[in-house]
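Numbering (this note's numbering), first residue to last: 451 to 613.
Reviewing the structure listed below.
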């Protein structure tokens, strides 16, 4: 099992190097541009790299925290690129553009927070259901005695995940 994990880490490292090479190529392609178009291009290249690295980390670990981190990185990088695009505008148009970019980021972060709370609520509900099922099974076992009661309690605990 250890060698499979090492292979995953080796693949992860190779993918990370590929992402970094892609970033360098994307950034080099921006050199032909000028002014804000170049700035936007560079922000997009950096955003693409950050998202790709976060996706790699999330796929390696599989942890919900890393999935949440990925979603936050996407929200942050989308905001950074949108804000950079606003630099082409001036006056009220620029102010509105920046506010829209910020609002989109805030909405994305709120969605992440809501999803996290929803997941927690589902987990709590599942725990409550298991507890209720265990209490009913335990009550049924109380009618028995001796080995039959012990076997019944063991079965009830196993079914409800109690130890």
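Where a beta carbon is used, it is the ideal one built from N, C-alpha and C, also for glycine.
Check	Outcome
Quick one: Cα of residue 594 to Cα of residue 567, how far?	41 Å
Counting only the same chain and skipping the five closest in sequence on each side, list residues whose C-beta sits under 8 Å from that of residue 550.	532
Count Cβ pairs between the segment 534-548 and the segment 513-520 that sit closer than 8 Å; are there 3 or more?	no
Using only CA atoms, which one of 573, 590, 502 lies nearest to residue 467?	502
Count the other CB atoms, across all protein chains shown, that sit within 10 Å of the CB of residue 483; report buried if there are 16 or more and exposed otherwise.	exposed
Could you tell me if residue 608 is buried or exposed, where buried requires 16 or more neighbouring beta carbons within 10 angstroms of its beta carbon?	exposed
If I measure Cβ to Cβ from residue 581 and keep anything under 8 Å in the same chain, skipping five residues before and after, which residues do I get?	610
If we ignore side chains and look at the alpha-carbon of each, how far apart do residue 569 and residue 588 end up?	29 Å
On a CA-only basis, which of 480, 462, 486, 530 is nearest residue 509? Give me that one, please.	462
Consult DSSP for residue 512 and reduce its assignment to one of helix, strand or coil.	coil
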